[in-house]
Structure formats: C-alpha cells, structure tokens
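Remarks on the structure that follows.
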Amino acid sequence: MNLYLPNSAQFHWVEGQLFCDAVPLKLLANKYGTPLYVYSYTAIQSAVDSYKSALKDTEHLLCYAMKANSNLAVVQIMAHLGTGFDIVSGGELARVIAAGGDPKKVIYSGVGKTVEEIEQALNADILCFNVESAQELERIIQIAKRMGRLARISFRVNPDVDPHTHPYISTGLKQNKFGVAYEEAVRLYLHAAEFPEAVKITGMDCHIGSQITTIEPFVDACKKMLDLADILKTKGIFLDHLDFGGGLGINYEEGDHAPSPSELVSALHAVMQERDYGDLTMVFEAGRSIIGNAGVLLTEVEYLKVGEEKNFCIVDAGMNDMIRPALYQSWMQVVPVTPREGEETVYDIVGPVCETGDWIGKDRSLNVEQGDFLAVLSAGAYGMTMSSHYNTRVKPPEIMVRGDHYQVIRERESMPKLFSSEVMLSKEF
Ligand code: LLP
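Written out as structure tokens, the structure is:
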C-alpha cells in the first residue's frame, strides 16, 4: 500500500492513523458522515505565507483565485490574511463582500462578463478588470461612461506558450478562448488609451494554464509580456503591474516536484529586473497552490466487488463530489485513514454514480474492508467548487480544522432543500 502523503505537513500519520493537524480524520468521518471535505487552516496559512515571503522584497498583490475553493470561511481566512481575490463572476464578487474581503483588491478575469456583472464590479470599485476581448473593452467603456465611473483595466494577453499540462487546463495557446491575441494587444491598448474618461490602463495579464510543474512556461510568458510592454512604452503607455495569473502546480503523486512560490517569483523577478521592469507590481492569481494540498475528501468503502477482470472498491464519494479524475484523468493519491497490515488487492476505486467515468483511482493496491474510511488527498482545490447534484446526490459538508479544534463550514445539504427551487406543473397546465 502506498501511504505517500503529498499534502502539507498538516496531514500526517499518528500511531497508524491519518490526522489533520491534531484531529484524527476518523473522528470527523464518524461524527459528520462521509463523503466529507476537511481542510487545514494552518496549511492554508502556510501556503499564503510562502507566497508572502517570496514576494516580500517586491511590490506585489497576491490574489486568491476563488474558483479553486470559494467557501465563505475560506474566503474569510484569505481576507484575514490580507490577500486580494481573483474572481470570474458576480457571484464570486458577492462572496468576497459577504466574507469581509476588500473589493479594492479584486481582479476580475473571465471571457464572458455580463453587463450586470460589470456594473456590479464598478459599483464595488474593484481594482482591475482583466479584459479578454475587443468587445468586452467596448462594453466596459460604455458602462463606465454611463455610470460616471473609471474602470481600471489590464488586457489578458494570450502569449501562445505551451504550459505542458492537461489540454483542458491549458489556457494560453492560440486555440484557447482566453485573452486577446498577442498580435492584437498593442492595438487594443492604444484604442483603450483614447477613452481616459472611462478606462485607466494599469497593467498586463496572462494566465497560461493550471497545474504547471516547471518554471519555463511562466518565464517565457513573462518575456513575451515584457516585449509588449517595451512597445507600449514607446507609444507613451506605462504599466503599473504585471499579472502572471495562477497555475503553479502542486504535488499529487510520489515523485512530483512542483516548484515553490519562491522559485517562481525569483525566476520572474530576475527577468523583470534584467529588462528594467523590476519596479512593477507583481500580481499572482494563485488558487491550487494555496488550497490544493490543504484539503482532503473522506469517503467510506461501501462494497468490495471482485470481478473477472477487475476488482472494484465502491466508495460513497462520486464524480459529483470530486470530478477531477473523470474530467482530466487526474491522478489523486488515496490512502486508508487507518491502514491495515496484511495482504493487498488491486482495485479500481469507483463511486456510486451511474457513469463508467465515475472513478477516483485506478489499479490501486489496498488492504481495505467494507466500512473503512479512505482519504482522497490534495482535494482542497477544484473539489467542492466543481461538485454537482448529479444523480440527485446532496453535496458533502466541509470542515475547517485548526490545531485541535474544528468547525463545520458547510452543512451537509438536505434532500428537500436540494429540490426546493423546482416547481411541479399546475393542474391548469
Ligand atoms: N487565473 C485564471 C484566469 C484562471 O483561469 C485560473 C484557473 C486561475 C487564475 C487559478 O489557477 P490555479 O492557480 O488554481 O492553477 N478545474 C481544473 C483547474 C482549472 C483552472 C481554471 N483556471 C482542475 O481541477 O485541475
């Protein structure tokens, strides 16, 4: 049985049991039932601290990419730690405000911002819109003029850099829908500069993908952004910040060696200094590298099914609770919460959902019995936020642990609530 723990130091073995900080995970699984998400406050804090210390000698803004995990308590922790936020919807902005975050530290990314969302963001006086198309620029200009507001903007440029990650999470290639074409960027900046009463150009942005495990693609993208900044300078357009997006990978599997925030920051800052841009504010939109390894998904073994060609370990967490393996064939480490000694069997760990794609891990050697708890590690990012009600399954609860205490930060949904917004047809229909 492979008991490797890719998670932060906060998930660890104590006398043969998996703990989160000082709390045995078995205790939480018994108390709250499974499936269950558990996060470590301390792990989140130390991930934020590693960005902060990497950035301490430079002007910077660390924006937490909320799409990774937008539970209000998580957002509240980030607000408390002083981070800004990278949002992609009006809903995420509403969460920032509800959790006590500062809208003036909000960066708004996304290709499809609606009129209402732009109004909402201007009313909240957010820090910057990452503009992703010519039409979005026109829309922002119109709305800002009508509202008598000044929209701070940056263009998200598509540098056509391959981040060498799963195709579904590559975003900075020519064939991707994100950002404005590199060749078009200068023209758009010049056009935006014609409307100083509506928009103020503050930066340049690029986000090339997610779960990137080498530094080179970030450096290549940085160089391409600086080439554009050089041209803009000659036209009298000066930037305040460079936004490198998110995308820094984490360790999921034994042998993974994701770079640290400090390796990323120092490589980028060296390029900036070399090119005489050392004074620009560095912005990061980090999601997974902050919360990914700070969470686990606990699940219970419902059945062991011995097949002719495959053995199945059927657990109570499905693709509706954790879709990453189904969607991206992601490899996630799974360990028993209380490992047993003895003979192991090779299983596919699968969920209860009626889809062949509903799996969590394939060909895993385990010694487990019905009723055992398993922990799916590195589940803090893109776990709960991508969950659904497919197969009419309620979403799992979430617990935050800090030291030896813990708190429910999301209740398990109730079945009546799940369909409470649906309406039966009237008799007259
Ligand atoms: N900024 C922008 C504009 C983004 O689109 C994303 C992620 C981030 C920042 C944060 O990236 P991170 O630091 O978390 O890599 N669901 C996929 C990941 C999708 C990422 C989408 N965009 C997964 O589970 O692997």
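For what it's worth, our numbering labels the leading residue of the sequence shown as 14, then goes sequentially.
Ideal Cβ placement from N, Cα and C applies to all residues, glycine included.
- A distance criterion of 7 Å places the beta-carbon of H220 in contact range of the ligand LLP, judged by its closest non-hydrogen atom.
- Residue environment for D62: exposed (fewer than 16 other C-beta atoms within 10 angstroms of its C-beta).
- Counting other Cβ atoms within 10 Å of its Cβ, Y360 reaches 16 or more and is therefore classed as buried.
- Secondary structure at A234: helix, using DSSP grouped into helix, strand and coil.
- Checking the 7 Å criterion, the Cβ of Y50 is out of range of every heavy atom belonging to the ligand LLP.
- V381 and S279 have their C-alpha atoms roughly 45 Å apart.
- Residue environment for F442: exposed (fewer than 16 other C-beta atoms within 10 angstroms of its C-beta).
- Residue pairing from DSSP places N143 in a beta bridge opposite S167.
- The shortest CA-to-CA distance from P409 to any of N84, K69 and Q23 is the one to N84.
- Around S102, the same chain offers G123 and E130 as residues with beta carbons nearer than 8 Å, after the five sequence neighbours per side are excluded.
- In this model, K318 and I304 are separated by some 34 Å (Cα to Cα).
- For V314, the enclosing beta strand (DSSP E) starts and ends at G308 to V319.
- In this structure the stretch 150 to 160 does not touch the stretch 247 to 266; the number of beta carbon pairs closer than 8 Å is below three.
- Judged by the Cβ position, M413 fails to qualify as a neighbour of the ligand LLP at the 7 Å threshold, every heavy atom of the ligand being at least this far.
- T358 and L310 have their C-alpha atoms spaced approximately 22 Å apart.
- Counting only unbroken stretches of 4 or more residues, the alpha helix (DSSP H) elements lying wholly within the stretch 333 to 364 are 337 to 341, in sequence order.
- In the DSSP assignment, the residues bridged to A78 are D99.
- Three or more Cβ pairs closer than 8 Å define a contact, and the stretch 59 to 78 falls short of that threshold against the stretch 31 to 39.
- With fewer than 16 other Cβ atoms from the protein chains shown falling within 10 Å of its own Cβ, L438 counts as exposed.
- L31 carries a strand assignment under DSSP once its states are collapsed to helix, strand and coil.
- Between the C-alpha atoms of V328 and V347 there is a straight-line separation of about 12 Å.
- Taken in chain order, the complete beta strand (DSSP E) segments of 3 residues or longer contained in the stretch 401 to 429 are 411 to 415 and 418 to 423.
- Taking the Cα of L150 as reference, the smallest distance to any Cα among H282, V109, Y202 and Q188 is reached at Y202.
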